[in-house]
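Just below is one structure, and these are the notes that go with it.
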Amino acid sequence: MMYIDRKTAELQQSNKAVKILMIGVQCCLWCLEKVARYISNAAYIMIAIEGRGFCASAWRSFKLLFSNSLRIATTEVIAMLVLTLSTIGTAPPSSAPSLPCSSRKRAPWQVFPWAARRSRSRH
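This note's numbering puts the first residue of the sequence shown at 10, with every later residue one more than the last.
See below:
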């Protein structure tokens, strides 16, 4: 694809339709590559589980992925959500103890304002 892109570079400069067409083709090929990699990965897993050849395993994994696409999508979304929440939930508590060690002198309620609000609300 890059070869065709380089050979048509002059034509793309002068003709916007060709440039848009090349961008569309590149996008489609990128999507095809991603799908092929995903199915290949699933096929290798099926090879390890069932011990069949690559083509048979790729077809079996495609059928399995297609029939369970809603479950797979739900699992992917939940996994992404859990990873995001764990990242958000891990970074602030692990960096909070280093705040009092900063070069500027701060009062404790300036370093941990949530603790000051919590202690005031209890009284």
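Cβ atoms here follow ideal geometry from the backbone N, Cα and C, with glycine treated the same way.
Hey, residue i and residue j are a contact pair by Cβ (cut 8 Å); roughly how many whole angstroms apart?
| i | j | result |
| --- | --- | --- |
| A57 | S70 | A57 to S70, Cβ: 11 Å. No contact. |
| V27 | L38 | Incorrect: roughly 16 Å between the Cβ atoms, too far for contact. |
Please state whether DSSP places residue i in a helix, a strand or coil.
| i | result |
| --- | --- |
| T96 | helix |
| G33 | helix |
| I10 | The displayed chain sequence assigns Met, not Ile, to residue 10. In this structure, M10 counts as coil in the three-state DSSP scheme. |
Just to confirm, are residue i and residue j a CB contact at a threshold of 8 Å?
| i | j | result |
| --- | --- | --- |
| E59 | S49 | no |
| L74 | I81 | yes |
| M10 | Q35 | yes |
What residue range does the alpha helix (DSSP H) around residue i cover?
| i | result |
| --- | --- |
| A18 | A18 to S23 |
Between residue i and the ligand HEM, is the CB less than 7 Å from at least one heavy atom?
| i | result |
| --- | --- |
| C40 | The ligand HEM is absent from the structure shown, which contains no ligands of any kind. |
Task: Minimum length 4: unbroken alpha helix (DSSP H) runs contained in the segment 47-90 - done: Counting whole runs of 4 or more residues, the segment 47-90 contains the alpha helix (DSSP H) stretches 63-76.
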